[in-house]
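When you line the sequence shown up against my numbering, it's residues 19 to 628, in that order. For reference, the structure is listed below as structure tokens.
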Amino acid sequence: MNGRPPEIPPHKLISALRGYNLLPAIVFLPTRRKCDEAASEVAADKTQRTDNEKFQLRKDLFESYAADFPEVRSHKHARILVNSGIASHHAGHIPSWKLLIEKMMSGGLLNAIFATSTVAAGVDFPARTVVISNADTRGNDGWRPITASELQQMTGRAGRRGKDNVGFAVLAPGQFQNPKKIAELLKAPPDPLESKFRATYTTLLNLLDAFGSFEQLREITEKSFAFQATVKQVERLKRDRTDLELKLASNGLGISIEDIRGFERLTSAKRRLDERIPFARADLRQRWLEQNVTAGRVITQGRSGKRLFIVISVNGENVSTMRDDGAGRNVPISRIIRVFEKTYRLNENDIEKAFFDTFEGKNAPLAEPKLSQTKPSGDADEIIERLIGSFSENGSDAERFLWESAGEAGDLEKIERDISTLRTNIWAPFDSRAKVLDKLGYLNFATEKVTSSGKWLADLRVDRPLLVGEAMRQGIFDDLETKTLAGIMASLAADSDRNYGELYLSDALLDVISGFEDVIHEVSRVEWHFGIDPSEEINLSAAAAAERWAAGMSWDDLVKRTQAEEGDLVRLLSRTGEALMQIAHLKDSNPAMAGDARLAAATLLREPIR
């Protein structure tokens with residue numbers, strides 16, 4: 019037991035708030051399910067007082083609103099809302115229902131709403147009191163602590179303008195409540211702003227088309243708020259570089275910065291040359307093993323060295339392998355006897371081939387280097403020594419200064435490397451995407467120009483535009499039925515991990531998806547080559563749901579068959595319709611596809627999707 023009191027049942031919480039004249043209230047709960055259950059539980063409590071005047075006003079508002087939005091009549095909480103003045107509000111409800119709740123709350127007709135923390139950021143609910151039930155909240159990646167900004171948004175809802183002199187924030191006891199943590203967050207400054215600027219294909223194409231060169235695009239990128247912290251580091255390093263250069267240049271001996279840096283490079287080269295000479299065969303062999311024991315190579319280990327192993331991965335001194343009989347084994351790198359030449363892919367067929375090739379003598383062992391082969395050329399060593407000695411011709415004071423300044427000259431080199439690395443980190447995501455777009459023909463990397471295909475792709479503001487663009491270019495979307503086009507676009511617009519039930523895909527949609535997966539494979543292959551993580555998998559359950567909706571299935575049937583929350587379905591179909599409208603704008607470059615997309619969008623965006 020952690021000593022924390024149990025949670026207060028929702029109906030008792032509302033009764034307590036009423037007793038202290040703290041209604042209307044917003045009660046923040048961590049999950050959608052808890053919000054719905056809490057509203058139902060309070061409505062079922064017969065001890066809750068009913069205001070007849072407000073009841074009639076709620077009933078009249080509901081009837082008036084339902085005349086324009088009839089879908090709210092069938093909402094599972096319609097009776098609860100009107101009779102008790104209690105509501106649940108979260109992203110799982112359809113937009114028309116949430117708007118009705120907001121109207122009633124703004125009109126002072128509700129006693130309480132149970133809401134998730136996301137409500138606090140986007141809606142203005144006038145409430146006397148807010149109730150914080152948890153110090154944690156649940157996001158897309160599971161449970162996490164509430165942030166300072168989220169708590170400020172939540173507590174900021176307390177107090178009705180023109181009605182309350184003060185607002186109240188109440189911490190309800192519970193197993194996951196943490197008053198100390200909440201108190202710390204209330205005193206904490208707002209969370210740092212986080213830029214949503216990202217290196218995307220369409221951003222790159224639009225900026226390059228507008229500004230005409232990678233260098234200008236790079237300058238614009240570095241000015242973005244997203245890289246403000248990195249740019250500050252670069253500016254600080256530049257100041258350090260200037261200070262150090264001024265210090266080295268003011269030596270009074272006539273020695274230039276270039277001389278100092280040249281001397282440092284020579285001495286560093288001499289030191290590295292000396293360090294590369296192994297002093298014993300064991301040292302030489304260890305280095306050779308570290309260079310050559312890589313994933314996909316066959317090795318032997320132990321005293322006998324008769325058993326073959328294939329390297330799966332190398333982590334420092336530990337080598338993870340698979341034995342020729344399929345057993346896994348971790349092997350210290352120092353116990354490896356032989357390393358064979360060829361490198362094989364780590365799939366079942368190639369692993370089997372690796373063992374057979376080695377048994378049959380088709381995969382020869384690598385020859386270990388001899389100690390004599392590793393010694394540096396005497397000529398190279400002599401040249402470096404002579405060049406270092408040439409600096410002594412400037413006098414003993416100059417020579418002494420050079421040796422004393424070598425460390426600071428090394429610091430100067432490091433500063434410049436750090437500046438280059440930081441700037442490269444900013445630009446690298448764009449550079450990789452530019453190379454992908456070049457490979458697929460949307461821009462010319464050498465001339466820094468957007469191609470005709472790239473110009474219309476830049477206008478395609480959809481999720482995963484490169485996949486859509488390639489599918490359009492390859493004719494995957496040509497002459498599709500409206501429902502099939504809606505289904506394939508929904509598979510891209512949906513969150514990959516969201517489940518929309520177990521509806522079957524039609525044969526026509528399955529055929530299109532089969533062709534589309536070839537496009538995904540090709541684009542992913544190019545992205546992997548240039549170091550970009552490929553897009554998430556497409557969502558087939560979303561494709562099936564959108565296909566049925568576009569084919570004319572009723573809203574009630576769709577909700578029942580998918581077992582998805584209405585708000586999630588609305589979000590899916592709205593996003594899909596918006597993506598189709600983006601394609602519909604391409605009437606000049608892709609007129610046929612634009613017309614099909616416009617029709618599909620109109621079919622999807624019917625009531626209650628608005």
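Ideal Cβ placement from N, Cα and C applies to all residues, glycine included.
- Counted as a single uninterrupted DSSP element, the beta strand (DSSP E) harbouring Asn336 occupies residues Asn336 to Arg341.
- When the Cα atoms are used, Gly459 and Leu587 turn out to be separated by approximately 36 Å.
- Between the region 79-94 and the region 106-121, the count of Cβ pairs shorter than 8 Å is three or higher; the stretches touch.
- Distances from the CA of Arg624 to each of His603, Met611, Glu596 and Ala427 were compared; the closest alpha carbon is that of Glu596.
- The beta carbon of Phe245 sits closer than 6 Å to those of Ile444, all from its chain and outside the five residues before and after it, given in chain order.
- It is roughly 31 Å from the alpha-carbon of Val349 to the alpha-carbon of Asp551.
- The C-beta of Ser331 has fewer than 16 other C-beta atoms within 10 Å across all chains shown, which makes the residue exposed.
- Put simply, the region 516-527 does not touch the region 464-478. Fewer than three CB pairs are less than 8 Å apart.
- Closest option to Asp69, judged by alpha-carbon separation, among Arg50, Arg516 and Ile104: Ile104.
- The alpha helix (DSSP H) runs lying completely inside the region 214-296 and spanning 4 residues or more are 219-229, 232-240, 246-267 and 275-293, given in chain order.
- Partner residues in the beta bridge of Arg347, as assigned by DSSP, are Thr339.
- At a Cβ-Cβ threshold of 8 Å, Asp227 and Thr165 do not count as neighbours.
- Annotation for Phe143: no alpha helix (DSSP H) segment contains it, and DSSP assigns it neither H nor E.
- Nearest neighbour of Pro163 by Cα position, chosen from Asn196, Gln234, Leu521 and Val149, turns out to be Asn196.
- Note on Ile369: 16 or more other CB atoms within 10 angstroms of its CB, so buried under the neighbour-count rule.
- Ranked by Cα distance from Asp456, the first of Arg341, Ala564 and Leu484 is Leu484.
- In this structure, DSSP gives Thr65 a state outside helix and strand, which the three-state scheme calls coil.
- Counting other Cβ atoms within 10 Å of its Cβ, Arg325 stays below 16 and is therefore classed as exposed.
- The C-alpha of Ile531 lies about 24 Å from the C-alpha of Val577.
- Inter-residue distance for Ala217 and Ser509 is about 23 Å (C-alpha atoms, whole angstroms).
- In the displayed model, Phe448 falls within a helix according to three-state DSSP.
- Here Ala568 is near Ala618, since their CB atoms are less than 8 Å apart.
- Judged by their CB atoms, Ser423 and Ile200 are not nearer to each other than the 8 Å cut-off.
- In this structure, Ile44 keeps its C-beta atom at 8 Å or more from the C-beta atom of Ile119.
- Annotation for Lys360: the continuous beta strand (DSSP E) segment containing it runs Ile354 to Thr361.
- Pairwise C-beta distances place the region 458-473 out of contact with the region 510-520, as fewer than three of them are shorter than 8 Å.
- Residue state for Gln581 is assigned as coil, using DSSP reduced to three classes.
- Taking one beta carbon from each stretch, the region 63-81 and the region 37-52 have fewer than 3 pairs nearer than 8 Å; the two do not touch.
- Taking Val60 as the centre and dropping the five residues before and after it, the same chain places the C-beta of Pro28, His29, Ile32 and Ile104 closer than 6 Å to its C-beta, in chain order.
- Nearest neighbour of Phe463 by Cα position, chosen from Arg356, Phe232 and Met123, turns out to be Phe232.
- In this structure Val537 is in contact with Ala489, their Cβ atoms being roughly 5 Å apart against a cut-off of 8 Å.
- Under the three-state reduction of DSSP output, Asn443 falls in the helix class.
- For Asp342, the closest alpha carbon among the candidates Thr439, Gln251, Glu431 and Phe373 is that of Phe373.
- As computed with DSSP, Lys501 is found in no beta bridge at all.
- By the CB criterion at 8 Å, Leu75 and Arg146 fall outside the cutoff.
- When Arg257, Leu384, Glu253 and Arg491 are compared, the shortest CA-CA separation from Val316 is found for Leu384.
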